[in-house]
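Numbering (mature numbering (1 follows the signal peptide of the UniProt record, and there is no 0)), first residue to last: -16 to -1, 1 to 209.
Below is one structure, written out as structure tokens, with a few remarks after it.
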Amino acid sequence: MLVVILAVVILYYSRTKRVVTTTVGTADQPVNLTMYYDLFNDHSNTLYCPCTEIAISYSKIMSINPIFHEICSSLFVSQQWLNLVTTYEEELEELGYHFTSDAFTLLALFCQLTKGTVNDSISNFYASNMVSGYVIEQLVFKSQAQSYIELFKASTTYSFSRALDLMRTVLNGDQVMLGYGSNFYGTVDTTPASASSATPVTFGSQHFTDRATNRTYYCQLNASW
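See the structure below:
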């Protein structure tokens, strides 16, 4: 009977997998990246590498370098250029370039809005943390990082669209009359019991005749946002 019991015990332990925990690396000699990859290739299913810090800022592991349209870094949105077109605005209007200074000023404001929105989004992104209690496998990390970047791009685009839509709503809903009279021109009647009026400006109200077909074409565009 004793022999049978011993045989059963030996057979049981011979078929039971033993779990051996081996600690690699010390405070004086920590595991470097090459050692981690070697261990991961040999023990990918059982390797566990805890982190001394469970939260790390995105600014330490990612870098976002936005590329803006070249017009936003050109001379045409600089204060020097804006001052120049403002100084010679009357001469430009005589050449047919109406509201030149206002157009370039608006362009500069759009560039400022774009850069401000993107830079604010980058600052908020860098202020966030990636949280993990253990080392993340490389492919998983790349997948998560790409997801965070796509979310960053979507939220930045949404923030810019909201600011632009708000500007459109205010200008279109309130029907702001510009001082230059580029969208409406006012008519003031000084007679008693009269009312002033504002008439939309029409741009490009002109016609031309095609000599080949002898047809006359009329072109106009109502002022709008």
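The C-beta atom is built at its ideal place from N, Cα and C for all residues, glycine as well.
Paired residues, beta bridge with residue i - DSSP
{"i": "residue 241", "result": "No information on residue 241 is available, as it lies outside the stretch -16 to 209 that the chain covers here."}
{"i": "residue 34", "result": "118"}
Cβ neighbours of residue i in the same chain (closer than 6 Å, five flanking residues each side left out)
{"i": "residue 56", "result": "95"}
{"i": "residue 20", "result": "none"}
{"i": "residue 48", "result": "106"}
Bounding residues of the alpha helix (DSSP H) (the contiguous stretch that carries residue i)
{"i": "residue 67", "result": "63 to 71"}
{"i": "residue 18", "result": "17 to 26"}
For residue i, three-class secondary structure by DSSP
{"i": "residue 47", "result": "coil"}
{"i": "residue 93", "result": "helix"}
{"i": "residue 83", "result": "coil"}
{"i": "residue 130", "result": "helix"}
{"i": "residue 7", "result": "coil"}
{"i": "residue 52", "result": "coil"}
{"i": "residue 58", "result": "coil"}
{"i": "residue 103", "result": "helix"}
Cut-off 7 Å between Cβ atoms - residues of its own chain near residue i, not counting five sequence neighbours on either side
{"i": "residue 115", "result": "38, 39"}
{"i": "residue 84", "result": "69, 73, 76"}
Own chain, CB closer than 8 Å to residue i, minus 5 neighbours either side, in chain order
{"i": "residue 112", "result": "41, 42"}
{"i": "residue 97", "result": "144, 147, 148"}
Note to self: Is it the case that the region 70 to 83 contacts the region 28 to 43, given that we only count it when at least three CB pairs across the two stretches are under 8 Å?
What the structure shows: Cβ pair count under 8 Å is below three, so no.
Notebook entry, point to check: For the 8 Å Cβ check, are there 3 or more pairs between the region 136 to 146 and the region 99 to 107?
Noted result: Touching, yes, given that three or more Cβ pairs across the two stretches are closer than 8 Å.
Next item on the list: Please determine if the region 103 to 117 and the region 125 to 144 are in contact, where contact requires at least 3 C-beta pairs separated by less than 8 Å.
Entry: As far as the Cβ criterion goes, the region 103 to 117 touches the region 125 to 144, which means the pair count is three or higher.
Next item on the list: Check whether the region 28 to 37 touches the region 115 to 125, taking contact to mean three or more Cβ pairs, one atom from each stretch, closer than 8 Å.
Entry: When C-beta atoms of the region 28 to 37 are compared with those of the region 115 to 125, three or more pairs fall below 8 Å, so the two segments count as touching.
Check: How about the region 77 to 91 and the region 52 to 69: do they share at least three Cβ pairs that are nearer than 8 Å?
Finding: Look at the beta carbons and you see the region 77 to 91 touching the region 52 to 69: at least three pairs across the two are nearer than 8 Å.
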